[in-house]
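First residue of the sequence shown? That's 12 in my numbering, and the numbers climb one at a time after it.
Ideal placement from N, C-alpha and C gives every residue a C-beta, glycine not left out.
Data first, discussion second: the structure below is written as structure tokens.
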Amino acid sequence: MKDKEVELLIKKELIREEIYLDLIPSENYASQDVLDASGSVFTNKYAEGYPKKRYYPGVEVVDELEELCIERAKKVFNCNFANVQALSGSTANLAIYLALLRPGDRIVSMNLNHGGHLSHGAHVSVTGKFYNIFHYGVDEKTEMIDYDKVKEICLITKPKLIVAGASNYSRKINWKKFKAIADLVGAYLVADISHISALVVTNLHPNPFPYADVVMTTMQKQIRGARGAIILSNNEEIAKKIDNAVFPGIQGGPQENIIAGKAVTLFEVMQPFFKTYCKNMLANNKALCDEFIKAGYHVISGGTDNHLFCVDVFSKVKYTSDIVEKWLQDAHILANKNTIPFEKNSPRTPSGIRMGSPAGTTRGLKVEDFQNIGKWMVKIINSKGDEKVINEIKVKVLELLKKHPIYKDKISNFDPFEIDSLNEYDAKK
Ligand code: DSN
């Protein structure tokens, strides 16, 4: 690369990824094939519109590519319609609302503090400004979705659209119950399965079809592919509205290079190894979660059915999770601070640490590794960030990661573990 500054930053990021244990449950490692497709010559092509209905010439190949991606998405998710152009999950959600609602219409969705998502109508998001939002949450005692309460809220507010789906909820979502509520009040049901789409396509989590009118997912999380999102439906009329909302409603030219990456992602999902990855991810996450439960920590909802969980560290050690996040990061473990249901602290200094197993599983870590990781994390948190403990565990984490490289080929001519901090990298370069 001629641009040495960016080249060095790419190398630095590669080293960072290799030498940190990523437990952030929305992150993962895309395969080299996905990276190659996403950075391919499709970057160069403008293709506003949809296959066979473009506003530019020279689109023969991108049409083939986008059609291939659409067909794969339909096959993998077993549905009749797919839009593969959304640049991100938030854009996809906005496009769905734009397609089905008018500004000011009512949406019922999960409270951000209880595990929802910004683009489900949080007041700081455009979705919270354009639409009239009412939130449901989890039950104070069980910390699981209270479907009776969802029903009650919907009967009072009469929403035009209900969003089911979350970014910090460790239990199975009952789509059938959501559909019954949606039917009762005549609302559309939208399922945001960004966090659980890999489990859904491998039948390890109930499928929102046939209950949801629209299903969307990002592609870079659990399903470990290219960045961006896809929107799915079985309703032809809704499908047309969604296409119009994505383009020209919200976006201009689609990123055909990213669509190439999404197509490769879907190819990988169809391979037998993908289900093995999903089963391992579930077992690994449970093993990690069990260590916190055994150590007497309060895990939100008391456990996990999926790839993530959230621990209330504040109630145990009286330190907020921004501080705990830093202790863990010093030991090269990445888990993110998060609000918990009925949070008493602020979103910047909350009580919870969210973590999960997708990236570690992709990296090849097994149940025994996750048990050890859980013990190490508990030791650090119980020690209240004791420097000696952090350093002792950092050595163990680095030893483990070194045995499980992510991008073997990329690091074949250097050892990312030669340094053990990114400051050292800066000093050396
Ligand atoms: N940022 C993602 C997450 O961490 O869950 C959601 O978009």
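Distance, Cα to Cα, residue i vs residue j?
i      : j      : result
PRO352 : SER394 : 26 Å
CYS90  : GLU247 : 11 Å
GLY100 : ILE269 : 14 Å
THR373 : GLY367 : 12 Å
VAL87  : VAL280 : 8 Å
GLU18  : TYR436 : 13 Å
HIS309 : LEU299 : 14 Å
THR54  : LYS15  : 22 Å
LYS252 : LYS85  : 18 Å
HIS131 : SER205 : 12 Å
VAL102 : SER312 : The question names Val, but residue 102 is Thr in the sequence shown. Taking the straight line from one Cα to the other gives about 30 Å.
ASP426 : TRP387 : 25 Å
ILE7   : CYS321 : Shown here, the chain extends from 12 to 440; a query on residue 7 therefore has no answer.
TYR57  : VAL70  : 8 Å
PRO62  : GLY263 : 14 Å
ALA256 : ASP323 : 40 Å
VAL45  : LEU76  : 14 Å
ASP47  : THR138 : 33 Å
LEU409 : ILE207 : 29 Å
ASP74  : ARG83  : 14 Å
VAL149 : SER357 : 19 Å
ALA41  : ALA198 : 36 Å
GLU59  : ALA237 : 20 Å
ALA106 : LEU172 : 13 Å
GLY375 : LYS290 : 13 Å
LYS414 : GLN340 : 20 Å
ILE184 : ALA177 : 9 Å
ALA250 : GLU78  : 15 Å
LEU123 : TYR147 : 10 Å
If residue i and residue j are in contact, beta carbons under 8 Å, what's the gap, nearest whole angstrom?
i      : j      : result
TYR227 : ASP203 : The amino acid occupying residue 227 in the given sequence is Met; Tyr does not appear at that position. Correct: roughly 6 Å between the Cβ atoms.
ILE401 : LEU34  : 16 Å between Cβ atoms; not a contact.
ALA93  : ILE241 : 6 Å
ALA346 : ILE334 : With 8 Å as the limit, ALA346 and ILE334 do not qualify as a contact, their Cβ atoms being about 13 Å apart.
ALA223 : VAL201 : 6 Å
ASN434 : PHE381 : With 8 Å as the limit, ASN434 and PHE381 do not qualify as a contact, their Cβ atoms being about 29 Å apart.
ASN317 : LEU243 : With 8 Å as the limit, ASN317 and LEU243 do not qualify as a contact, their Cβ atoms being about 20 Å apart.
LYS232 : SER37  : 5 Å
PHE303 : GLY385 : 6 Å
LEU25  : TYR418 : 7 Å
PRO369 : ASN39  : 5 Å
CYS80  : LEU215 : Actually they do not touch by this definition, with Cβ atoms about 24 Å apart.
For residue i, is the classification buried or exposed, using 16 other Cβ atoms within 10 angstroms of its Cβ as the cut-off for buried?
i      : result
LYS160 : exposed
ARG182 : buried
PRO259 : exposed
TYR66  : exposed
ASP254 : buried
PRO219 : buried
LYS273 : buried
VAL174 : buried
THR153 : exposed
HIS134 : exposed
VAL52  : exposed
SER332 : buried
TYR360 : In the sequence on display, residue 360 carries Thr and not Tyr. Exposed is the call here.
GLN266 : buried
GLN96  : buried
VAL72  : exposed
LYS405 : buried
SER423 : exposed
MET12  : exposed
PRO221 : exposed
GLU379 : exposed
LEU293 : buried
Comparing the C-beta of residue i with each C-beta of chain B, is any distance below 8 Å?
i      : result
GLY272 : The displayed structure is made up of one protein chain only, and chain B is not part of it.
Exercise. With contact counted as at least three CB pairs below 8 Å, one residue from each stretch, are the segment 323-335 and the segment 390-406 in contact?
Worked result: yes
For this session: Spell out a yes or no on whether the segment 127-141 and the segment 275-289 are touching, meaning 3 or more CB-CB pairs, one atom from each, closer than 8 Å.
Result: no
Exercise. Using 8 Å as the Cβ pair cut-off and three pairs as the minimum, do the segment 149-168 and the segment 188-197 touch?
Worked result: With a cut-off of 8 Å on Cβ pairs, the segment 149-168 is in contact with the segment 188-197, counting three or more such pairs.
Exercise. When the Cβ atoms of the segment 165-176 are set against those of the segment 350-364, are three or more pairs found closer than 8 Å?
Worked result: no
Exercise. What is the chain-ordered set of residues for which the beta carbon lies under 5 Å from any non-hydrogen atom of the ligand DSN?
Worked result: SER37 and SER178
Exercise. Are at least three pairs of beta-carbons, each pair with one atom in the segment 108-124 and one in the segment 135-144, less than 8 Å apart?
Worked result: yes
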